[in-house]
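Report on the structure given below.
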Amino acid sequence: MGAGARIEVLEESDGLKLRVVRSVAQVDIADMAGMVKAPARGVPRRLEDFDPASLLTRSRRGDA
91 MGAGARIEVL
101 EESDGLKLRV
111 VRSVAQVDIA
121 DMAGMVKAPA
131 RGVPRRLEDF
141 DPASLLTRSR
151 RGDA
């Protein structure tokens, strides 16, 4: 803890508890784009792959 640190005082049954409050700088969400990348595995999926209704029609047609 250094000069200018913010602390929170919590009253508990056995005394006071001091907790350092760390502030998080606000950032623009657009600046965070691309920070997390996952390796591509398998065949790219389409939005239709996640639609339950399309799964039913594919199973009726005999598609897998």
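If you use the working numbering, the sequence shown corresponds to residues 91 to 154, in order. From the three backbone atoms N, C-alpha and C, an ideal C-beta is built for every residue, glycine too.
Residues that DSSP places opposite residue i in a beta bridge
i: G105; result: E102
Sequence-distant residues of the same chain with beta carbon closer than 7 Å to residue i, five excluded per side
i: A95; result: V110
i: M125; result: none
i: I97; result: L108, R109, V110, V111
Own chain residues within Cβ distance below 6 Å of residue i, not counting five before or after
i: L100; result: K107
i: S144; result: E138
Closest Cα partner of residue i within the set the options
i: G92; options: G105, D104, R112, E102; result: R112
Close-in-space but distant-in-sequence residues of the same chain around residue i (CB under 8 Å, 5 per side omitted)
i: A120; result: none
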